[in-house]
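**Student:** Sharing a structure with you now.
Number of protein chains: 2
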Amino acid sequence: MNRQTLVASIREKKSFLCVGLDPDLEKMPEHLLAAEDPIFEFNKGIIDATRPFAVAYKPNVAFYESQGVKGWQALEKTVNYIGKDHFTIADAKRGDIGNTSRMYAKAFFEKMPFDAVTIAPYMGADSVEPFLEFDGKWAILLALTSNKGATDFQLNTQLESGEKLYETVLRTASKWGNRENLMFVVGATRPEYLKQVRQLAPDNFLLVPGIGAQGGSLESVAEFGLTKDIGLLVNSARGIIYASGGEDYAEAAGQAASKIADAMKAILSRNH
Amino acid sequence: MNRQTLVASIREKKSFLCVGLDPDLEKMPEHLLAAEDPIFEFNKGIIDATRPFAVAYKPNVAFYESQGVKGWQALEKTVNYIGKDHFTIADAKRGDIGNTSRMYAKAFFEKMPFDAVTIAPYMGADSVEPFLEFDGKWAILLALTSNKGATDFQLNTQLESGEKLYETVLRTASKWGNRENLMFVVGATRPEYLKQVRQLAPDNFLLVPGIGAQGGSLESVAEFGLTKDIGLLVNSARGIIYASGGEDYAEAAGQAASKIADAMKAILSRNH
Numbered sequence: 001m002n003r004q005t006l007v008a009s010i011r012e013k014k015s016f017l018c019v020g021l022d023p024d025l026e027k028m029p030e031h032l033l034a035a036e037d038p039i040f041e042f043n044k045g046i047i048d049a050t051r052p053f054a055v056a057y058k059p060n061v062a063f064y065e066s067q068g069v070k071g072w073q074a075l076e077k078t079v080n081y082i083g084k085d086h087f088t089i090a091d092a093k094r095g096d097i098g099n100t101s102r103m104y105a106k107a108f109f110e111k112m113p114f115d116a117v118t119i120a121p122y123m124g125a126d127s128v129e130p131f132l133e134f135d136g137k138w139a140i141l142l143a144l145t146s147n148k149g150a151t152d153f154q155l156n157t158q159l160e161s162g163e164k165l166y167e168t169v170l171r172t173a174s175k176w177g178n179r180e181n182l183m184f185v186v187g188a189t190r191p192e193y194l195k196q197v198r199q200l201a202p203d204n205f206l207l208v209p210g211i212g213a214q215g216g217s218l219e220s221v222a223e224f225g226l227t228k229d230i231g232l233l234v235n236s237a238r239g240i241i242y243a244s245g246g247e248d249y250a251e252a253a254g255q256a257a258s259k260i261a262d263a264m265k266a267i268l269s270r271n272h
Numbered sequence: 273m274n275r276q277t278l279v280a281s282i283r284e285k286k287s288f289l290c291v292g293l294d295p296d297l298e299k300m301p302e303h304l305l306a307a308e309d310p311i312f313e314f315n316k317g318i319i320d321a322t323r324p325f326a327v328a329y330k331p332n333v334a335f336y337e338s339q340g341v342k343g344w345q346a347l348e349k350t351v352n353y354i355g356k357d358h359f360t361i362a363d364a365k366r367g368d369i370g371n372t373s374r375m376y377a378k379a380f381f382e383k384m385p386f387d388a389v390t391i392a393p394y395m396g397a398d399s400v401e402p403f404l405e406f407d408g409k410w411a412i413l414l415a416l417t418s419n420k421g422a423t424d425f426q427l428n429t430q431l432e433s434g435e436k437l438y439e440t441v442l443r444t445a446s447k448w449g450n451r452e453n454l455m456f457v458v459g460a461t462r463p464e465y466l467k468q469v470r471q472l473a474p475d476n477f478l479l480v481p482g483i484g485a486q487g488g489s490l491e492s493v494a495e496f497g498l499t500k501d502i503g504l505l506v507n508s509a510r511g512i513i514y515a516s517g518g519e520d521y522a523e524a525a526g527q528a529a530s531k532i533a534d535a536m537k538a539i540l541s542r543n544h
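Read top to bottom, the protein sequences are chains A and B.
Take the first sequence: its letter number 66 is residue 66 in my numbering, and every next letter is one higher.
Count along the second sequence from 1, add 272, and you get the number used in my numbering.
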């Protein structure tokens with residue numbers, strides 16, 4: 001999905017919600033565990049209930065890999081089930097030397113029909129570029145993550161130039177791609193940095209995890225992150241997919257997603 | 273496999289060779305492509321021919337993932353076929369927020385019997401720690417990689433403290449683990465930095481890719497990297513697994529591995 005279609009989809013739905021599909025067998029409703037493919041059954045319920053409120057879905061690949069071959073099958077079925085009307089992100093945090101990163105790009109862009117893959121920046125340009133070469137596909141580079149460990153290198157590493165590491169990553173990587181093929185991950189748990197992020201990446205879409213269970217605020221994210229083309233995909237996983245642990249989990253997920261979408265609609269009507 | 277067993281295995285074989293299992297359907301011998309599982313058939317041939325000369329095997333997960341579910345099946349079969357007498361490394365370069373990294377650790381340490389996984393450091397402590405909590409298992413953290421992009425952040429990011437980023441990663445991460453559960457990746461293409469690496473990580477094993485096709489020298493790596501417990505696993509992939517593209521590929525791989533093992537034996541006899 002290209003930028004124009006993504007922006008149009010957000011404007012039409014008045015939502016920039018991305019639903020995180022992180023299925024954990026220990027947390028999902030018991031009645032699903034007897035299914036032949038519990039992960040896919042769970043996802044189907046969530047997807048059906050949240051389609052009207054979401055513009056994107058983001059399976060975190062770790063939850064599938066931890067189930068081995070069966071998990072990988074469930075991931076393939078899930079991305080195919082989502083279809084082409086929603087933006088799909090493989091939250092894989094991959095990255096390797098150039099010829100090997102190309103293999104990862106093939107895995108998610110050719111073997112599977114994902115629109116985007118999250119990428120770790122540590123190995124530099126040649127680890128990211130293979131993901132930028134697919135027409136209509138996206139690399140989403142980690143810049144400032146939502147977890148506690150973000151302080152270790154991204155924030156506490158003060159550079160001679162006066163920048164922090166995450167700022168150097170934003171500034172350097174902005175030259176590798178453009179607003180049509182490169183997004184950045186910026187955690188909602190650190191909205192105070194979004195202003196600075198927007199100085200360095202004024203026009204790129206940001207994928208923002210961390211509202212809900214991790215404590216980030218949608219209002220703060222929107223205040224500092226919105227652009228004239230919206231420029232935000234805000235992800236919620238646990239707050240939606242585990243809204244209920246019972247047989248009504250899908251209905252509860254739909255309600256939780258609808259609530260966030262309502263808040264987004266209010267924000268967009270004030271700002272656009 | 274714990275440190276004691278790994279060191280004993282190296283001393284017994286007089287080799288610290290790790291064979292990189294990076295099977296590429298476009299490069300492997302044509303006669304294998306008709307097999308039901310060409311990747312596994314290819315790997316079996318390589319493993320059988322190189323067992324006496326190698327102490328470790330390192331499948332790079334990207335080459336398997338790019339083949340989807342079938343590739344994942346081939347990876348599982350490969351690590352099981354290698355067995356318990358060789359150290360096994362999933363070169364996956366994973367890393368995510370704490371509870372998600374735990375899922376990756378489960379994927380490689382519980383669903384599959386790998387001894388070690390390579391990890392990217394960008395997300396900090398909580399992204400690495402879940403891999404350190406499994407008894408007898410290892411996290412191998414990227415410090416200074418062998419690719420061109422290593423200059424972008426690892427080397428060219430000069431910190432206020434006077435350190436380069438890779439040095440900060442080594443110094444900081446050394447506190448998260450110890451010599452029994454934490455190794456570092458340091459590319460053979462930059463042996464001039466190994467001296468400094470050994471200042472910061474005097475006793476950790478280093479996984480060193482980049483000899484052979486990438487141009488690194490075994491002699492230089494050994495000169496600056498060896499410790500009293502050897503402390504090195506030197507990886508070669510393309511130089512061994514594609515030594516021949518014909519039906520004699522396994523025999524040729526065995527010869528290429530034997531040649532490197534001979535060089536290692538000579539180095540160890542001079543130094544230990």
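Even for Gly, the Cβ is constructed at its ideal location relative to N, Cα and C.
Could you pull the start and end residues of the beta strand (DSSP E) that N271 of chain A belongs to?
**Tutor:** Taken as a continuous stretch (DSSP letters only), N271 of chain A belongs to no beta strand (DSSP E), being part of the alpha helix (DSSP H) at 249-271.
**Student:** What is the residue span of the beta strand (DSSP E) that F87 of chain A lies within?
**Tutor:** Unbroken beta strand (DSSP E) run through F87 of chain A: 87-94.
**Student:** Taking only runs of the beta strand (DSSP E) that begin and end inside the stretch 126-183 of chain A, which ones reach a length of at least 3 residues, in chain order?
**Tutor:** For the stretch 126-183 of chain A, whole beta strand (DSSP E) runs of length 3 or above, ordered along the chain, are 138-144.
**Student:** Please name the residue, chosen from B:E491, B:P481, B:F477, that lies closest to R510 of chain B on a Cα-to-Cα basis.
**Tutor:** Minimum Cα distance to R510 of chain B is reached at B:P481.
**Student:** Give the straight-line distance between the Cα atoms of F312 of chain B and L347 of chain B, rounded to the nearest whole angstrom.
**Tutor:** Cα-Cα distance, rounded: 8 Å.
**Student:** Apply the 10 Å Cβ neighbour rule to P23 of chain A and answer buried if 16 or more other Cβ atoms are within range, or exposed otherwise.
**Tutor:** Buried: at least 16 other Cβ atoms inside 10 Å.
**Student:** Taking any Cβ of chain A, which residues in the stretch 410-424 of chain B have a Cβ under 9 Å from it, in chain order?
**Tutor:** Against chain A - using a Cβ distance shorter than 9 Å - the residues of the stretch 410-424 of chain B are L414, T417, S418, N419, K420, G421, A422, T423, D424.
**Student:** Could you give the C-beta distance for L206 of chain A and L232 of chain A, rounded to a whole number, given that I count them as a contact under 8 Å?
**Tutor:** Contact holds; Cβ gap of about 6 Å.
**Student:** My assumption, with CB atoms under 8 Å, is that L293 of chain B sits in contact with N274 of chain B. Please give the rounded CB distance.
**Tutor:** Actually they are not in contact, since the Cβ atoms of L293 of chain B and N274 of chain B sit about 23 Å apart, beyond 8 Å.
**Student:** Mind checking which residues open and close the alpha helix (DSSP H) that includes I10 of chain A?
**Tutor:** Run containing I10 of chain A: 3-13, per the alpha helix (DSSP H) assignment.
**Student:** For the stretch 422-441 of chain B and the stretch 459-476 of chain B, state whether three or more C-beta atom pairs, one from each stretch, are separated by less than 8 Å.
**Tutor:** Touching, yes, given that three or more Cβ pairs across the two stretches are closer than 8 Å.
**Student:** Taking the alpha helix (DSSP H) that P331 of chain B falls in, what are its first and last residues?
**Tutor:** Element bounds for P331 of chain B: not the alpha helix (DSSP H) but the beta strand (DSSP E), 328-331.
**Student:** Roughly how many angstroms separate the alpha carbons of L17 of chain A and R179 of chain A, rounded to a whole number?
**Tutor:** Taking the straight line joining both Cα atoms gives about 19 Å.
**Student:** In the DSSP assignment, what are the bridge partners of V458 of chain B?
**Tutor:** In DSSP, V458 of chain B forms a bridge with B:L416.
**Student:** Are the CB atoms of A139 of chain A and N181 of chain A nearer to each other than 9 Å?
**Tutor:** Yes, these two residues count as a Cβ contact at 9 Å.
**Student:** Distance, Cα to Cα, L25 of chain A vs A35 of chain A?
**Tutor:** Whole-angstrom Cα-Cα distance: 12 Å.
**Student:** Shorter than 9 Å from the beta carbon of Y104 of chain A to some beta carbon of chain B?
**Tutor:** It does: the Cβ of Y104 of chain A has a partner Cβ on chain B nearer than 9 Å.
**Student:** Does any CB atom of chain B fall closer than 9 Å to the CB of I97 of chain A?
**Tutor:** So, interface residue.
**Student:** Among A:S236, A:K58, A:L141, which one has its Cα closest to the Cα of I119 of chain A?
**Tutor:** When each option's Cα is compared against that of I119 of chain A, the closest is A:L141.
**Student:** What do you get for N543 of chain B, buried or exposed, if any count of 16 or more other CB atoms within 10 angstroms of its CB means buried?
**Tutor:** Classification for N543 of chain B: exposed.
**Student:** Among B:G421, B:Y394, B:D320, which one has its Cα closest to the Cα of A143 of chain A?
**Tutor:** The option with the nearest alpha carbon to A143 of chain A is B:Y394.
**Student:** Name the one or two DSSP bridge partners that A509 of chain B has.
**Tutor:** DSSP, once it has assigned bridges, lists no residue as partnering A509 of chain B.
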